[in-house]
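Chemist: This structure is in C-alpha cells; I'll ask about it shortly.
Residue numbers (the numbering used here): 454 to 735.
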C-alpha cells in the first residue's frame with residue numbers, strides 16, 4: 454500500500470494534481486491524504502476578513518478548510534472510481550513545510566504531490582513558490598509537481614536529467630523506476646555536459662546508473678551546454694515528446710542551480726510537463 458500526500462489549496466491546479474496522481478497510480482493500492490494548511494495569512498473566500506481577527510478568524514478558516522477538503526474528497530471519489538484507492542483529509546494550522554515534514558513520518562508518506570501554481574502564484578514563477586519551498590526544505594521524500602490544469606496523459610517517455618557528478622543508487626531512483634514500470638515508459642537519460650568527455654568518476658556513475666536501469670528500456674543522450682540549462686532541458690523535452698521528467702535534489706547540482714532562479718523567463722518547459730523531484734538516498 455502506497456501512502457500519497459496531496460497538498461491542496463483548492464485551486465483547479467491542485468485538483469488536477471490530485472486527479473493526475475490517481476490516474477498515474479490507478480493500478481496500485483494507495484491511500485491518499487488530502488492536506489490543506491491554513492494560517493492567519495490564508496484568504497477566506499467570500500468573507501470580509503478585515504472584520505475577523507484572532508481566534509474567530511482561525512475558526513472560520515478551519516471550518517472552511519474542513520468543508521473544502523470534504524468536498525474535494527467526494528469529488529475525487531466520484532471522478533476516480535477506483536476501489537484500490539482510499540482517501541483521508543487533513544486540515545492543519547501552521548506553515549506548509551513544517552506540517553508536511555510532520556505528516557511524512559506520522560502517515561509514512563511515499564510521495565508528495567503538488568500543483569505547480571496555486572491560487573496566489575503568478576504565471577512566471579518557477580513551478581510555484583510553495584513547491585519550491587517544499588523541494589528545498591524537504592529532501593526525504595519524492596515530490597511530483599503537476600503543471601497547470603493539464604489533462605492526464607500516461608507517461609510513455611520519461612527524461613532523467615543528470616550531470617553524472619554524483620552516483621545514483623537504486624534507492625535514489627526507485628520512485629522513477631516504479632513509475633516507469635507501472636506505465637511501461639521508456640527512460641531517456643539526459644546528460645548536459647560542459648566537457649567533451651566524462652571523467653573517470655562520471656563514467657563510473659554512468660555505468661552504475663546503467664545497471665540500475667537494466668530492467669527498464671532506456672537510452673543515454675548528451676547535450677553540450679551552449680545555452681542556459683533550462684533552455685537545453687526544454688528543447689530536449691520538446692524534441693523527444695517527454696511526458697514526465699525527473700532530477701535528483703542535491704546540493705550544487707543542476708536542480709539547485711535551476712531552483713535558485715526566482716523567475717524563469719522561458720517557463721514553457723514548466724507549463725506542460727510533470728516534474729518528479731527525487732531525494733538523494735545515497
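Where a beta carbon is used, it is the ideal one built from N, C-alpha and C, also for glycine. This structure is a prediction, so every number in the text was calculated from the model and none was measured.
Buried or exposed: residue 547, going by 16 or more other Cβ atoms within 10 Å of its Cβ?
Modeler: Residue 547 comes out exposed.
Chemist: Quick test of the definition: if touching needs 3 or more C-beta pairs under 8 Å, does the region 589-609 touch the region 554-562?
Modeler: Yes: at least three Cβ pairs fall under 8 Å.
Chemist: Can you tell which of 597, 668 and 670 has its C-alpha closest to the C-alpha of residue 730?
Modeler: The candidate whose alpha carbon is nearest that of residue 730 is 597.
Chemist: Output the boundary residues of the alpha helix (DSSP H) element that contains residue 654.
Modeler: 653-665 is the span of the alpha helix (DSSP H), which, as asked, contains residue 654.
Chemist: Which class does residue 461 belong to by DSSP, given the choice of helix, strand or coil?
Modeler: It is coil, neither helix nor strand.
Chemist: Taking residue 662 and residue 642 to be in contact with their CB atoms under 8 Å, please state how far apart those CB atoms are, rounded to whole angstroms.
Modeler: Correct: roughly 7 Å between the Cβ atoms.
Chemist: With residue 551 as the anchor, note down where its alpha helix (DSSP H) starts and where it stops.
Modeler: Element bounds for residue 551: 549-559.
Chemist: Taking 8 Å as the threshold (C-beta atoms), are residue 617 and residue 540 in contact?
Modeler: No.
Chemist: With 16 other CB atoms within 10 Å as the buried threshold, where does residue 677 fall?
Modeler: Exposed, since its Cβ has fewer than 16 Cβ neighbours within 10 Å.
Chemist: Could you give the DSSP three-state label for residue 576: helix, strand or coil?
Modeler: Note on residue 576: pLDDT 41, under 50, position unreliable in the model; the coordinate value appears next. Coil at residue 576, not helix or strand.
Chemist: Within a Cβ cutoff of 7 Å, which residues of the same chain sit near residue 526, ignoring the five residues on either side of it in sequence?
Modeler: So the list reads 487, 540 and 542, once near-sequence residues are dropped.
Chemist: Classify residue 668 as buried or exposed, calling it buried when 16 or more other Cβ atoms lie within 10 Å of its own Cβ.
Modeler: Under this definition residue 668 is an exposed residue.
Chemist: Quick check: the Cα distance between residue 463 and residue 630, rounded to an integer number of angstroms?
Modeler: Approximately 30 Å, taken between the alpha carbons.
Chemist: What does a CB cutoff of less than 7 Å around residue 522 pick up in its chain, not counting 5 residues either side in sequence?
Modeler: Cβ neighbours of residue 522 beyond the five flanking positions: 487, 489, 542 and 544.
Chemist: In the DSSP output, what is residue 615 paired with across the bridge?
Modeler: In the DSSP output, where bridge partners are listed per residue, residue 615 has 644.
Chemist: Could you check if residue 518 is buried or exposed, using at least 16 other CB atoms within 10 Å of its CB as the buried criterion?
Modeler: Counting Cβ neighbours within 10 Å, residue 518 comes out buried, since at least 16 surround it.
Chemist: When you compare the CB positions of residue 633 and residue 565, do they come within less than 8 Å of one another, or not?
Modeler: No.
Chemist: Assuming contact is defined by CB atoms lying nearer than 8 Å, are residue 697 and residue 732 in contact in what I supplied?
Modeler: Result no, Cβ atoms of residue 697 and residue 732 do not sit closer than 8 Å.
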